[in-house]
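Chemist: Numbering (UniProt numbering), first residue to last: 1 to 216. Don't be surprised by glycine CBs; every beta carbon is placed ideally from N, CA and C. Model, not experiment: these values are computed from the prediction.
1) Assuming residue 22 contacts residue 30 (C-beta within less than 8 Å), just tell me the rounded distance between them.
2) What three-state label does DSSP hand residue 92 in the structure shown?
3) In whole angstroms, what is the alpha-carbon distance linking residue 164 and residue 38?
4) In terms of DSSP beta bridges, what is residue 157 paired with?
5) Distance, Cα to Cα, residue 43 vs residue 160?
6) What residues in its chain sit with their C-beta under 7 Å from that of residue 71, if we drop five residues either side in the sequence?
7) Label residue 133 either buried or exposed according to how many other C-beta atoms from any shown protein chain fall within 10 Å of its C-beta, with 16 as the threshold for buried.
8) With distances taken Cα to Cα, identify the nearest neighbour of residue 128 among 142, 140, 48 and 112.
9) Based on DSSP bridge pairs, tell me the residues matched to residue 146.
10) Which partner residues does residue 12 have in the DSSP bridge list?
11) Can you list, in chain order, the residues of its chain whose CB lies under 8 Å from that of residue 140, leaving out five sequence neighbours each side?
12) The alpha helix (DSSP H) spanning residue 109 covers which residue range?
13) Would residue 126 pass as a contact of residue 77 if the rule is Cβ separation under 8 Å?
Now the structure itself:
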């Protein structure tokens, strides 16, 4: 399928959605079946890597992986720089590695669908995946999903098909922010001024592109 996108005219989008069982083995995510078969998700991610045999950094195809399984957050640990975009939307996080959809909670796939349909009903014409995941993370206190932009510099914005003709204007995009914490080792004992600096809140950098927390 990726090969078909490479040879199609214009820029292509490859979206792969998996909902099922997942386990972690030696730091890698595997999809599993009831009969014991396993598939290493790293093979999929390797196809999307700009250093792979199929795609180069300037290939005109963007890729979105939606993984609705236990331990799916493991697939968000890699990071590559390229001209393309590859994103992973995962059902779990390190603090809640089990999806637990069978325990009466809404599945990650269901949450995605409901949020997209909610925005469409409000008159939104498109949805940015990173912003969509920010909303789901905020609304999921028990099983928090994960998001990672593996390749590229910005999240994809997808058009919502079948517009209702509503004239509602989507809410303005609020610029996210970075929060950075700086620390400087000192050999001498800190004086009063240095102690005051240590109590300052983290530096807030405005007008940045995405929400992240970075420690230096």
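Modeler: Result, derived from the coordinates:
1) About 7 Å separates the beta carbons of residue 22 and residue 30, which is inside the 8 Å limit, making them a contact pair.
2) In the three-state reduction of the DSSP assignment, residue 92 falls in the coil class, being assigned neither a helical nor a strand state.
3) Low confidence applies here, because residue 164 scores a pLDDT of 48, under 50, leaving its location unreliable; read the following figure in that light. About 43 Å.
4) Residue 157 pairs with 128.
5) Taking the straight line joining both Cα atoms gives about 30 Å.
6) Taken in chain order, the residues that qualify are 22, 23, 24, 29, 92 and 97.
7) Per the 10 Å Cβ criterion, buried.
8) When only C-alpha atoms are compared, the closest one is 112.
9) According to DSSP, residue 146 bridges with 90.
10) In the DSSP output, where bridge partners are listed per residue, residue 12 has 61.
11) Its chain contains 111 as the residues whose beta carbon lies nearer than 8 Å to that of residue 140, once the 5 sequence neighbours on both sides are disregarded; these appear in chain order.
12) Judged by DSSP secondary structure, residue 109 falls within the alpha helix (DSSP H) whose first and last residues are 108-121.
13) The answer is no: Cβ separation not under 8 Å.
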